[in-house]
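To start, the structure itself, in structure tokens.
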Amino acid sequence: MRPAILSDPEQMLALVEKQKREGKRVGLVPTMGALHDGHLSLVHRCTEETDFTIVTIFVNPTQFGPGEDLDKYPRDLQQDTDLLSQFDVHAVFAPDVDTMYPPGASTSVMPADVAKPLEGALRPGHFEGVATIVLKLFQLIPADVAYFGQKDYQQTRVIQQMIEDFHLPIDMVVCPIVRDEDGLALSSRNSYLSTVQRQQAAGLSRALFHIRDLAGSGNLEAASLLKAASQILADASIDQIDYVALVDKRSLEPVQRVDENTIAIGAVRIGATRLIDNVLLAQ
Ligand code: PAF
């Protein structure tokens with residue numbers, strides 16, 4: 323079914339309130355568009371678990387830093403809605419920038435400490451932008467449940483903490499990463515990679531899964547696991563490594579010895595393209 327496309331916040335809010343009055347369970351899938359099978363797995367789950375699915379498509383400028391890929395970020399609303407037509411998506415909310423950030427808008431969310439390390443340290447202001455837009459979307463679309471992907475693991479922690487700290491009346495579901503056959507996590511940014519870079523890129527997931535396998539066979543020392551991972555990255559000719567870390571899955575603080583609460587998480591650059599990935603060691 324072809325979803326209705328809305329860009330007006332009042333219409334959006336009225337539509338959600340109508341569904342809720344009728345007793346329907348409303349699900350929300352926030353995205354920046356350029357939809358791939360990872361996003362579609364969230365959409366599919368939302369349609370299975372709720373009565374009314376809303377997908378938002380908005381490339382949020384405040385979560386991009388200076389020199390990042392805001393201008394070249396892929397945008398194709400027609401293609402995205404074609405893809406969504408395979409599912410029971412009831413509405414797409416695709417506002418413009420002035421709607422979400424009217425001239426003079428200057429209030430933002432200061433995210434929790436979990437936003438500080440890793441991505442937060444390398445992309446100042448990124449999680450402030452994410453938390454602010456997600457709160458705005460939650461206000462305009464007071465859904466019962468929102469679906470996010472585990473690929474942006476730190477983002478899920480920042481949003482979960484915001485939900486808890488602000489007592490937001492919404493549940494959050496984190497869906498597993500969808501990967502290509504060689505293990506590369508699906509990402510809208512994979513489209514920037516050349517054929518050679520695309521092959522190199524799989525080295526990141528190989529390194530993280532190698533950590534998980536070694537830990538599974540009893541090597542629990544973080545330093546030794548990270549050394550083994552850096553060898554895999556070197557073998558894949560990945561030399562721009564922002565971080566590969568073993569951290570507690572809740573606090574995102576580094577650990578010395580891994581256990582079932584540890585997550586292996588990494589960010590690398592392949593040419594000008596920045597890729598992130600993570601693997602829970604308990605899996
Ligand atoms: O994960 C994303 O696509 C974005 O960060 C989100 C959650 C839609 C906020 O812009």
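Residue numbers (the working numbering): 323 to 605.
Every residue, glycine too, gets a C-beta built ideally from N, C-alpha and C.
Original post:
For residue 422, is the beta carbon positioned less than 7 Å from some heavy atom of ligand 1?
Top reply: On the sequence shown, residue 422 is found 100 positions in, with the first residue counted as 1. Not under cutoff, so the answer is no.
**OP:** Check whether the Cβ of residue 353 sits closer than 7 Å to any heavy atom of ligand 1, and report yes or no.
**Re:** Taking the first residue of the sequence shown as 1, we reach residue 353 at position 31. Yes; taking the cut-off as 7 Å, the Cβ of residue 353 has a heavy atom of ligand 1 nearer than that.
Original post:
For residue 354, which option in 563, 380, 506, 507 has the closest C-alpha, if you only look at C-alpha atoms?
Top reply: Taking the first residue of the sequence shown as position 1, residue 354 is located at position 32. Of the candidates 563, 380, 506, 507, the one whose C-alpha sits nearest the C-alpha of residue 354 is 380.
Subject >> Simplified DSSP assignment, three categories, for residue 600 >> reply: Reading the sequence shown from its first residue, position 278 is the one you call residue 600. Per DSSP, reduced to three states, the secondary structure at residue 600 is strand.
**OP:** Kindly indicate the opening and closing residues of the alpha helix (DSSP H) around residue 531.
**Re:** Translated into the one-based positions of the sequence shown, residue 531 becomes position 209. DSSP places residue 531 inside the alpha helix (DSSP H), whose first and last residues are 517-538.
Subject >> Spatial neighbours of residue 584 in its chain, beta-carbon cut-off 6 Å, leaving aside the 5 residues before and after >> reply: As a position in the sequence shown, residue 584 is number 262, starting the count at 1. Here the set comprises 568, 577, 603.
Original post:
So is residue 529 buried or exposed if we call it buried at 16+ other beta carbons inside 10 Å?
Top reply: As a first step, residue 529 is located in the sequence shown; it is residue number 207 there, counting from the start. Buried, by the Cβ-count rule.
Original post:
Is the closest heavy atom of ligand 1 to the C-beta of residue 587 under 7 Å?
Top reply: For this step, residue 587 is matched to residue 265 along the sequence shown. For residue 587, the shortest C-beta to heavy atom distance toward ligand 1 is 7 Å or greater.
**OP:** Measure the Cβ-Cβ separation of residue 472 and residue 499 and say whether it is below 8 Å.
**Re:** As a working note, residue 472 is residue 150 in the sequence shown. As a working note, residue 499 is residue 177 in the sequence shown. Yes, they are a contact pair.
Original post:
What are the start and end residues of each continuous beta strand (DSSP E) run of 3 or more residues lying completely inside the region 407-494, in chain order?
Top reply: If we require 3 residues or more, the beta strand (DSSP E) runs fully inside the region 407-494 come out as 411-415, 467-471.
Original post:
For residue 432, which residues from the same chain have a beta carbon less than 7 Å from its beta carbon, with the 5 sequence-adjacent residues on both sides left out?
Top reply: One-based indexing of the sequence shown puts residue 432 at position 110. Hits under 7 Å: 450.
Subject >> Sufficient close CB pairs (3 or more, under 8 Å) joining the region 408-428 to the region 374-390 >> reply: Short answer: they touch.
Original post:
Under a three-way DSSP split, which group does residue 395 fall into?
Top reply: Here residue 395 is taken as the residue at index 73 of the sequence shown, counted from 1. Three-state DSSP puts residue 395 in coil, outside helix and strand.
Subject >> 8 Å Cβ cutoff met for residue 351 and residue 365 >> reply: Position 29 of the sequence shown, counting from 1, holds the residue named residue 351. Position 43 of the sequence shown, counting from 1, holds the residue named residue 365. The answer is yes: Cβ separation under 8 Å.
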